[in-house]
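Colleague: Numbering-wise (the UniProt record's numbering), the sequence shown opens with residue 1 and increments by one. Glycine residues also receive a C-beta, built at the ideal position from the N, C-alpha and C atoms. Note that the structure is a prediction, hence the values are computed from the model and not measured. I'd like to ask you about the structure that follows.
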Amino acid sequence: MGIDAMSLYRLGHKLHRRGVPVLPAVLRKAIHFLHGSYLPPEAEIGEGTQLGYGGMGIVIHKDAKIGRHCLISHQVTVGGRSGLKDLPVIGDYVRIGAGAKILGNVRIGDFAIIGANAVVVKDVAPGSVVGGIPAREIRKDPDPLATYEREMGLRPPMAQRNEVVQSIPPASSAAR
């Protein structure tokens with residue numbers, strides 16, 4: 001059993017933030033060698049975020065921002081698009097399916113679900129389920145918090161639950 005990519009990233013990120021030279025780059029190379037992934041220490045990846053299969057084949061741009069408690073499956077890319085300066089910002093509790101690509105200046109709302117092999121080039125609303133190439137909304141979950149808790153078997157801490165409930169529009173107003 002080896003060290004998973006997220007553990008190596010966390011160590012490299014901590015060292016990078018403290019201004020330690022060389023070691024963060026060594027850890028980035030170790031992640032690439034061991035897991036075939038690119039997880040630069042400069043990237044912002046929130047607490048509790050997990051990488052499927054130890055982080056195989058994941059590419060995250062150094063300026064991307066990923067929220068707390070996300071689940072990122074293998075072969076996912078979070079990066080830029082030619083000619084666009086800004087990069088993806090992914091909210092909290094987002095699940096990203098295997099092979100998905102999230103590209104360019106897009107915002108992924110809390111509790112969104114990105115289907116396997118989807119190519120996301122437009123914003124995704126909180127609690128939305130998207131899929132396809134290019135990704136489009138398949139459905140809007142009326143209670144994404146309950147779905148997350150049921151499917152993941154996890155309950156967000158109370159303070160975060162309150163933030164989430166406030167960030168998701170009621171189903172009745174979303175339908176208008």
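Using three-state DSSP, classify M154 as helix, strand or coil.
Modeller: For this step, residue 154 is matched to residue 154 along the sequence shown. According to the sequence provided, residue 154 is Leu. The question's Met does not apply to it. If DSSP states are grouped into helix, strand and coil, L154 belongs with coil.
Colleague: Using a threshold of 8 Å, state whether the C-beta atoms of I108 and V119 are closer than that.
Modeller: Residue mapping note: residue 108 aligns to position 108 of the sequence shown, counting from 1. Residue mapping note: residue 119 aligns to position 119 of the sequence shown, counting from 1. Result no, Cβ atoms of I108 and V119 do not sit closer than 8 Å.
Colleague: What does the alpha-carbon distance come out to for the pair M56 and H13?
Modeller: On the sequence shown, residue 56 is found 56 positions in, with the first residue counted as 1. On the sequence shown, residue 13 is found 13 positions in, with the first residue counted as 1. The straight-line gap from Cα to Cα measures roughly 19 Å.
Colleague: What residues in its chain sit with their C-beta under 8 Å from that of K122, if we drop five residues either side in the sequence?
Modeller: Sequence index remark: in the sequence shown, residue 122 carries index 122 (1-based). Result list for K122: V106, P134, A135, in chain order.
Colleague: Roughly how far, in whole angstroms, is the beta-carbon of I72 from the beta-carbon of I96, given that I think they are within contact range, below 8 Å?
Modeller: Against the sequence shown, residue 72 aligns to sequence position 72. Against the sequence shown, residue 96 aligns to sequence position 96. Between I96 and I72 the Cβ distance is about 5 Å, and since that is below 8 Å, they are a contact.
Colleague: Under 8 Å: do the segment 26-34 and the segment 73-81 share three or more Cβ pairs, one atom per stretch?
Modeller: In short, these stretches do not touch, since the Cβ pair count stays below three.
Colleague: Over what stretch of residues does the alpha helix (DSSP H) that includes G79 continue unbroken?
Modeller: As a working mapping, residue 79 is identified with position 79 in the sequence shown. Element bounds for G79: not the alpha helix (DSSP H) but the beta strand (DSSP E), 77-79.
Colleague: With respect to the alpha helix (DSSP H) encompassing V26, which residues constitute its N-terminal and C-terminal limits?
Modeller: For the purposes of this step, residue 26 is identified with residue 26 of the sequence shown, where counting begins at 1. Where V26 is concerned, the enclosing alpha helix (DSSP H) stretches over 23-35.
Colleague: What is the DSSP secondary structure of S7, reduced to helix, strand or coil?
Modeller: Taking the sequence shown and counting its residues from 1, the one referred to as residue 7 is at position 7. Helix at S7.
Colleague: Have a look at S7 and L84 and give me their C-alpha separation to the nearest angstrom.
Modeller: Working through the sequence shown from its first residue, we reach residue 7 at position 7. Working through the sequence shown from its first residue, we reach residue 84 at position 84. For S7 and L84, the distance between alpha carbons rounds to 31 Å.
Colleague: In the DSSP assignment, find the unbroken beta strand (DSSP E) run with S128 in it and report its ends.
Modeller: Stepping through the sequence shown from its first residue, residue 128 is reached at position 128. Start and end: 128-131.
Colleague: Is DSSP giving R136 helix, strand or coil here?
Modeller: Within the sequence shown, numbered from 1, the residue matching residue 136 stands at position 136. DSSP places R136 in strand when its eight states are reduced to three.
Colleague: Along the beta strand (DSSP E) that carries K101, what are the first and last residues, could you check?
Modeller: As a first step, residue 101 is located in the sequence shown; it is residue number 101 there, counting from the start. Per DSSP, K101 belongs to the beta strand (DSSP E) from 101-103.
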